[in-house]
Amino acid sequence: MANVKTKAKKGVAAKRNVSEQDVERLQQRLDILDHRLDNIDSMVSAVAERVMQQPVALIISCPHCGKNLEIGIIGSEKPTR
Numbered sequence: 010m011a012n013v014k015t016k017a018k019k020g021v022a023a024k025r026n027v028s029e030q031d032v033e034r035l036q037q038r039l040d041i042l043d044h045r046l047d048n049i050d051s052m053v054s055a056v057a058e059r060v061m062q063q064p065v066a067l068i069i070s071c072p073h074c075g076k077n078l079e080i081g082i083i084g085s086e087k088p089t090r
């Protein structure tokens with residue numbers, strides 16, 4: 010009877026180890042996602058600063074008809090405080 014309880018306890022311990030590993034893996038993936046979002050934020054900020062300083066033209070081709078659409082963005086730089 011004691012042997013059955015020991016096996017049950019080992020099974021619970023193994024499940025706990027797996028869940029701890031899963032949590033660690035999830036934490037690593039969240040860190041990677043956070044890093045990628047920071048990179049995207051930096052790129053968007055750089056583009057916004059450029060738009061505020063000079064005109065930018067975006068050329069987008071339609072996936073359905075293949076025509077090119079040109080979008081011009083002009084901004085004026087905000088005054089600094």
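As numbered in the numbering used here, residues 10 to 90 make up the sequence shown, in order.
Ideal Cβ placement from N, Cα and C applies to all residues, glycine included.
With DSSP as the reference, identify every bridge partner of residue i, one or two as the case may be.
i, result
"residue 78", "69"
Whose C-beta lies closer than 7 Å to the C-beta of residue i among residues of the same chain, with five residues either side of it excluded?
i, result
"residue 65", "59, 82"
State the Cα-Cα distance for the pair residue i and residue j, rounded to the nearest angstrom.
i, j, result
"residue 30", "residue 61", "47 Å"
"residue 72", "residue 79", "14 Å"
"residue 41", "residue 47", "10 Å"
"residue 70", "residue 44", "30 Å"
"residue 63", "residue 34", "44 Å"
"residue 37", "residue 49", "19 Å"
So, for residue i: in the same chain, excluding its five sequence neighbours on each side, which residues have a beta-carbon less than 8 Å away from its beta-carbon?
i, result
"residue 56", "65"
"residue 88", "Residue confidence is low: residue 88 scores 47 on pLDDT, short of 50, so the model does not pin down where it sits. Its coordinate-derived value is still stated next. Counting only Cβ-Cβ distances below 8 Å, and skipping sequence neighbours, we find nothing."
Under 6 Å Cβ to Cβ from residue i, same chain only, skipping five residues before and after it: list those, please.
i, result
"residue 68", "77, 79"
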